[in-house]
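Encoded as structure tokens, the structure appears first; notes follow it.
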Amino acid sequence: MAQKKEFNIVVKKDGKFYAGYCLEIPQARGQGDTKTEAIEDTKKAIKICKAYLQAKSKTSKAITVTI
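Position 55 of the sequence shown, counting from 1, maps to 127 under our numbering, and the rest follow consecutively.
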């Protein structure tokens with residue numbers, strides 16, 4: 073089972089909608105008519121991005137470093 077990790081989501085009102093984005097994965101963005109919808113949509117985007125990044129890391133020749 074995959075290890076759970078906490079992610080921070082920032083939600084801002086954008087006109088009549090709410091937009092959410094993840095601080096740790098900037099590509100993970102969501103939106104909704106309410107704050108709750110924006111958070112849920114952003115959570116889905118985080119899951120999609122995590123799956124993509126995990127698959128990419130398995131086929132990539134990238135080197136991981138710690139700074």
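Ideal Cβ positions, reconstructed from N, Cα and C, are used throughout, including at glycine.
With a cutoff of 7 angstroms on beta-carbon distance, A123 and G102 are scored as not near each other.
Taking all protein chains shown into account, A127 has fewer than 16 neighbouring C-beta atoms within 10 Å of its C-beta and is therefore exposed. K116 is bridged by DSSP to nothing; it lacks a bridge partner. Annotated as distal: A134 and C121, with beta-carbon spacing of 7 angstroms or more. As the crow flies, the alpha-carbon of I81 is around 10 angstroms from that of P98.
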